[in-house]
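Heads up: the structure comes next, in structure tokens.
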Amino acid sequence: MTTHEVALWSGPSTRDPAMRPVDLTDSGAVESALAADDPAVVIHAAAVSTADRAFREPRLAHAVNVVATGRIADWCVGRGRRLILVSTDLVFDGRASWRREQDPAQPILEYGRTKRAAEELLDHRPGCLSARLSLLYGPTPCKRPSFFDQAMGTLRAGIPQAFFIDEYRTPLDYASAAAALVALALSDLTGLVHVGGPERLSRFDLMRRAARALGIDPKLVLANHLRDIVFPEPRPADVSLDSSLFVATFPSASRPKIEQALEAP
Ligand SMILES: NC(=O)c1ccc[n+]([C@@H]2O[C@H](COP(=O)([O-])OP(=O)(O)OC[C@H]3O[C@@H](n4cnc5c(N)ncnc54)[C@H](OP(=O)(O)O)[C@@H]3O)[C@@H](O)[C@H]2O)c1
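Residue numbers (the working numbering): 1275 to 1539.
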């Protein structure tokens, strides 16, 4: 098996000694960190990563998601290095199912607009790939609790929680998404690729099946509708991804169903 040396970066306030703190809004800090680590491949996952925060802090979202991505892309392209940008299904407007890479991306959320703008900075540039992930779920070794960890913690405590029955994604577990990003990093695919799970599911279906798989009473998972909540921006109702290109490129890649992904190791 080939081994690769990995340099991990995080935001400037990290206390994790394994991580290099880098503020992506500080061009000098980004240049110094790139020069110090001198990576052959960059997997760029950092972002203002929620629709809510991107809406509330659009200047910061633009600085981190767009401007910093352009800076990293320029560094990589200028030196012939590979760049994988972690993008999102939320670049779509939500009006159709099973979107392919060649379908038009017309984001309706500020978050999606920043991610799409970042993708455009990589378009047609050598060595650059934007990997659009779908909603991620499952356990992570990360110390920051994810949406999934928080929701499962609430349900485990016996507190019912409602999830949208009319908002569709193609959820993928974190471990498979991480393995996919490594495979893509080591490949020579460029442009755009969709990396979603095998099923088109509502958040309600995802959480009910995940609760059952984890031994939590699925009746605690309640259903609500997008129209029940007033959001500051409209939410795309269906951003399911067609991942045929990814599957054809990596036929043995893991994309398990929920029950299999959440099985104890
Ligand atoms: N989670 C999903 O379901 C999902 C689905 C599709 C795509 N994605 C994409 O996947 C990537 C990771 O998402 P996530 O959910 O894991 O998000 P997350 O937990 O919020 O992680 C985002 C990372 O970006 C870092 N970051 C934010 N601002 C920064 C700055 N100014 N300088 C340096 N680092 C900064 C954060 O650092 P701190 O440690 O300081 O917070 C954190 O490590 C994102 O690109 C997101 O768009 C996620």
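Note that the Cβ used here is the ideal one computed from N, Cα and C, for glycine as well.
Roughly how many angstroms separate the alpha carbons of residue i and residue j, rounded to a whole number?
i	j	result
P1492	S1371	26 angstroms
R1374	Y1442	15 angstroms
L1354	D1397	Note that residue 1354 is Gly in the sequence shown here, rather than Leu. Taking the straight line joining both Cα atoms gives about 15 angstroms.
E1393	N1498	33 angstroms
H1278	A1436	42 angstroms
R1369	A1379	11 angstroms
P1413	A1325	22 angstroms
L1334	V1322	8 angstroms
S1284	L1519	30 angstroms
E1507	R1327	12 angstroms
L1429	K1417	20 angstroms
Ends of the beta strand (DSSP E) at residue i?
i	result
A1497	1495 to 1498
Determine the DSSP secondary structure at residue i, reduced to helix, strand or coil.
i	result
H1336	helix
G1412	coil
D1447	strand
F1437	strand
V1456	helix
D1348	helix
I1317	strand
R1330	helix
S1518	helix
P1508	coil
S1526	coil
At what residues does the alpha helix (DSSP H) containing residue i begin and finish?
i	result
G1465	Careful: G1465 lies outside any alpha helix (DSSP H), inside the beta strand (DSSP E) at 1465 to 1469.
R1501	Here R1501 belongs to no alpha helix (DSSP H), and DSSP marks it neither H nor E.
query: Counting Cβ pairs closer than 8 angstroms, one from the region 1468 to 1475 and one from the region 1525 to 1539, do we hit at least three?
result: yes
- request: Please confirm if the region 1315 to 1325 is in contact with the region 1337 to 1353, defined as three or more CB-CB distances below 8 angstroms between the two stretches.
  value: yes
query: Should the region 1374 to 1386 be called in touch with the region 1479 to 1488, which here means at least 3 C-beta pairs below 8 angstroms?
result: no
query: Can you give, in chain order, each stretch of the alpha helix (DSSP H) that sits fully within the region 1353 to 1422 and has at least 4 residues?
result: 1384 to 1396
- prompt: Pairing CB atoms from the region 1450 to 1460 with CB atoms from the region 1505 to 1515, are three or more of them under 8 angstroms?
  reply: no
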